[in-house]
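The opening residue of the sequence shown carries number 46 in the working numbering; numbering runs sequentially from there.
Beta carbons are placed, not taken as given, at the ideal position from N, Cα and C, and that holds for glycine.
No experiment lies behind these values; they were computed from the predicted model shown.
The structure under discussion appears below in the form of C-alpha cells.
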Amino acid sequence: MTDRFETLAVHAGAEPDPASGAVSPPIQMSTTFKQDGVGGLRGGFEYGRTGNPTRQLLEEAIAVLEGATHGVAFASGLAATQNLLYLLDPGDRLVLTDDAYGGTWRLADKVWRRYGVQTDAVDLTDLDAVAEAVHGSRMVWIETPTNPLLKVVDISAVARLAATAGAMTVVDSTFATPYLTRPLDLGADVVLHSATKYLGGHSDVIGGLVATRSDQVAERLRFHQNAAGAVPSPFDCWLVLRGLRTLALRMERSSMNAGFIAEWLTARPEVTRVLYPGLPDHPQRGLVERQMRLPGAMLSFELRGGEDAARRFVAATRLFTLAESLGAVESLIELPAAMTHASVAGSPLEVPGGLVRLSVGIESVEDLVADLAAAFDA
Ligand SMILES: Cc1ncc(COP(=O)(O)O)c(C=O)c1O
C-alpha cells in the first residue's frame with residue numbers, strides 16, 4: 046500500500062531510532078566514526094562531511110516526498126545550485142528562466158561565466174522560445190512558480206523539449222514544494238529546493254536539497270558534496286526534518302490565506318495588478334490546475350503610486366514583517382527590486398521597482414487583511 050503525501054511527510058526519515066526507540070530522530074553530532082579495522086565501517090559512516098546519520102534521514106525523506114531514488118543535502122539552496130552547476134563543463138550553455146531568484150542569476154552570471162559557462166535568460170512560458178533556446182544547451186533551469194512574478198512554467202513541455210536537444214532539466218521547486226508539484230513525475234531530471242523556505246518552514250534554518258531518479262547524477266552530486274564540502278550541520282538537518290512533518294498542513298493553510306488576500310487585493314483601488322497563480326486571470330491558469338495541487342502562498346502586486354507608494358506600504362504593515370526570505374509560518378513583505386532581486390538590476394531579469402511581494406503565512410487571514418488595510422490607510 047502506498048501512503049499519501051500527508052502521511053509520508055510525517056513518517057519519511059522518521060522511523061524510531063533502532064538503538065533507543067527515540068521517536069524524534071537523534072541529532073548525531075559526531076564528526077568521525079569508529080572503524081572496526083581499517084575500512085570496517087558501521088552503517089557506512091566514516092567522516093561527517095562524507096556522511097552523517099541525521100543528514101541521511103533528511104536525504105531519504107526528500108527522496109520519498111519527491112518520488113525520487115536519491116536525495117542529497119547541502120548547506121543552502123545556493124550551495125545546492127552551485128553543486129548542480131558543477132555538472133557543467135567550460136563551453137556549456139545554461140538556459141535559465143528569465144524570472145528567477147536573484148541569487149541564482151548572480152551565481153550563473155558573476156561566477157560561472159568566468160569559468161566558461163554561458164547563461165541565457167529565456168521566458169520559459171513561451172514554448173517557441175524554449176524550442177529555439179534549448180538547441181546546443183546542456184541544462185535547462187526552470188523555476189516555477191517564478192520569483193517574484195509568479196509565472197508558472199509547463200514542466201512536462203519544457204522537459205520534453207530539453208530532452209530532444211540532449212539537455213537535462215532542473216526544476217527549482219522552492220515555491221511549490223513537493224506537496225503542490227512533483228517535477229520528477231512530470232519528466233524533470235532533478236528537483237532542487239531552498240529548504241530554508243517551506244521545507245524548514247520556520248525561518249530558523251538555511252539549507253538546500255536536491256532529489257533525482259538518476260543514479261549517475263546522484264553519484265556525481267554525492268562526489269561534489271564530499272569534494273566541495275558545502276554540507277549542512279546535523280542540527281540543521283534535524284530542523285528541516287521537523288519542518289517536513291507539518292509541510293502539508295502549512296501549505297494548505299498559507300495557500301488558502303494567499304488566495305483570499307489575492308482576491309481582496311484585486312478589489313483595492315490602490316492596486317494596479319496582482320500576480321497570483323490562483324487568480325482566474327493568471328496567464329497560465331489552466332496549467333496551474335494541471336500542475337499544482339494548490340496555487341501556493343506567494344503573491345506579488347503593484348501599486349498605483351509606483352515605487353514611492355510601495356516603499357511606504359512595505360514599511361507600514363504590522364503583522365507582515367518587512368524582511369527577505371519566504372515560506373515560513375509568519376507572513377513577510379518585501380520590495381524585490383531593492384531586496385531579494387537587487388543583484389538582477391540592469392539584467393534581463395530586472396523586476397519592476399514598485400513590485401511588492403508577499404509570503405503569506407498561517408496566521409488568521411482576517412488579521413492579515415486588517416494589517417494590509419491599515420497599511421493602505423497609512
Ligand atoms: C526560489 C529560490 N531558490 C533558491 C534560493 C536560494 O536558497 P538559499 O537562500 O537557501 O541559499 C532562494 C532564496 O531565496 C529562492 O527563493
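Helix, strand or coil, according to DSSP, for Thr366 in the structure here?
Locating residue 366 in the sequence shown gives position 321, where the first residue counts as 1. Here Thr366 sits in strand by DSSP.
*C-alpha gap between Ile14 and Glu91, whole angstroms*: Outside the shown range of the chain (46 to 423) lies residue 14, about which nothing can therefore be said.
Closer than 7 Å: Gly122 CB and nearest ligand 1 heavy atom:
Here the question's residue 122 lines up with position 77 in the sequence shown. Gly122: yes, Cβ under 7 Å from ligand 1.
Beta-ladder partner(s) of Thr164, from DSSP
Position 119 of the sequence shown, counting from 1, holds the residue named residue 164. Paired residue(s): Leu139.
Exercise for review: Taking Asp217 as part of the beta strand (DSSP E), name the residues at either end of that continuous run.
Suggested key: The count along the sequence shown starts at 1 and reaches residue 217 at position 172. Taken as a continuous stretch (DSSP letters only), the beta strand (DSSP E) holding Asp217 covers 213-217.
- Message: Report the start-end ranges of each alpha helix (DSSP H) in the region 175-254 that is 4 residues or longer and not cut off at the edges.
- Response: 200-209, 222-225
| message | Measuring straight from C-alpha to C-alpha, what distance separates Ala204 and Ala415? | response | The residue you call residue 204 lines up with position 159 of the sequence shown. The residue you call residue 415 lines up with position 370 of the sequence shown. Approximately 42 Å, taken between the alpha carbons.
Worksheet item: Straight-line CA distance for Leu344 to Ala303?
Response: Position 299 of the sequence shown holds residue 344. Position 258 of the sequence shown holds residue 303. Near 7 Å, if we compare the C-alpha coordinates of Ala303 and Leu344.
Item to complete: Using 10 angstroms around the beta-carbon of His180, count the other beta-carbons present and answer buried if the total reaches 16, otherwise exposed.
Response: To locate residue 180, count along the sequence shown from 1; it is residue 135. Answer is exposed; the Cβ neighbour count stays below 16.
message: Tell me which residue opens and which closes the alpha helix (DSSP H) that Gly147 is part of.
response: As a position in the sequence shown, residue 147 is number 102, starting the count at 1. Note, Gly147: alpha helix (DSSP H), 147-151.
*Supposed close pair Glu188, Thr142 - CB separation, criterion 8 Å*: Stepping through the sequence shown from its first residue, residue 188 is reached at position 143. Stepping through the sequence shown from its first residue, residue 142 is reached at position 97. Right, their Cβ atoms sit about 5 Å apart.
query: Would the C-beta of Ile107 count as close to ligand 1, meaning under 7 Å from any of its heavy atoms?
result: Residue mapping note: residue 107 aligns to position 62 of the sequence shown, counting from 1. The answer is no for Ile107.
Q. With a CB to CB cut of under 6 Å and the five nearest residues on each side skipped, what residues in its chain are close to Thr76?
A. Within the sequence shown, the letter at position 31 stands for residue 76. Gly93, listed in sequence order.
Assuming Ala113 and Cys282 form a contact by the criterion Cβ under 8 Å, report the distance between their Cβ atoms to the nearest whole angstrom.
Walking along the sequence shown from the start, residue 113 turns up at place 68. Walking along the sequence shown from the start, residue 282 turns up at place 237. Between Cys282 and Ala113 the Cβ distance is about 17 Å, and since that is not below 8 Å, they are no contact.
*Straight-line gap, Leu424 to Val109 (C-alpha atoms, nearest Å)*: In the structure as shown, the chain starts at 46 and stops at 423, and residue 424 therefore has no counterpart that could be examined.
Worksheet item: For Glu104, does the count of other Cβ atoms within 10 angstroms reach 16, so buried, or fall short, so exposed?
Response: Here the question's residue 104 lines up with position 59 in the sequence shown. Glu104 comes out buried.
Worksheet item: In whole angstroms, what is the alpha-carbon distance linking Ala419 and Pro381?
Response: Sequence index remark: in the sequence shown, residue 419 carries index 374 (1-based). Sequence index remark: in the sequence shown, residue 381 carries index 336 (1-based). For Ala419 and Pro381, the distance between alpha carbons rounds to 22 Å.
- Task: Report yes or no: do three or more beta-carbon pairs, one from the region 135-153 and one from the region 391-399, lie closer than 8 Å?
- Result: yes
query = Under three-state DSSP, which class holds Gly331?
reply = Within the sequence shown, residue 331 is the residue found at index 286, counting from 1. Looking at Gly331 - three-state DSSP - the assignment turns out to be helix.
Q: Report the rounded CA-to-CA distance for Arg290 versus Ser278, giving the unit in angstroms.
A: The residue labelled residue 290 in the question sits at position 245 within the sequence shown. The residue labelled residue 278 in the question sits at position 233 within the sequence shown. Their Cα atoms are separated by approximately 19 Å.
task = Indicate, with yes or no, if ligand 1 has a heavy atom lying under 7 Å from the CB of Asp234.
result = Numbered from its first residue, the sequence shown carries residue 234 at position 189. Asp234 Cβ: outside cutoff for every heavy atom of ligand 1.
Note to self: Within 10 Å of its beta-carbon, does Met74 have 16 or more other beta-carbons around it, so buried, or fewer, so exposed?
What the structure shows: Counted from its first residue, the sequence shown places residue 74 at position 29. By the neighbour-count rule (16 or more Cβ atoms within 10 Å), Met74 is not buried but exposed.
From Thr191 to Gly66, what does the alpha carbon distance come to, in whole angstroms? The residue labelled residue 191 in the question sits at position 146 within the sequence shown. The residue labelled residue 66 in the question sits at position 21 within the sequence shown. Those two C-alpha atoms are separated by around 42 Å.
Status (buried if at least 16 other CB within 10 Å, exposed otherwise) for Ser121 = Within the sequence shown, numbered from 1, the residue matching residue 121 stands at position 76. The residue is buried, with at least 16 neighbouring Cβ atoms inside 10 Å.
Counting Cβ pairs closer than 8 Å, one from the region 119-139 and one from the region 259-277, do we hit at least three?
yes
What would DSSP say about Met384, mapped onto helix, strand or coil? Taking the sequence shown and counting its residues from 1, one reaches residue 384 at position 339. In the structure shown, Met384 sits in coil (DSSP, three-state: anything other than H, G, I, E or B).
Practice prompt. Measure the alpha-carbon distance for Asp173 versus Asp165 and round it to whole angstroms.
Written response: One-based indexing of the sequence shown puts residue 173 at position 128. One-based indexing of the sequence shown puts residue 165 at position 120. For Asp173 and Asp165, the distance between alpha carbons rounds to 15 Å.
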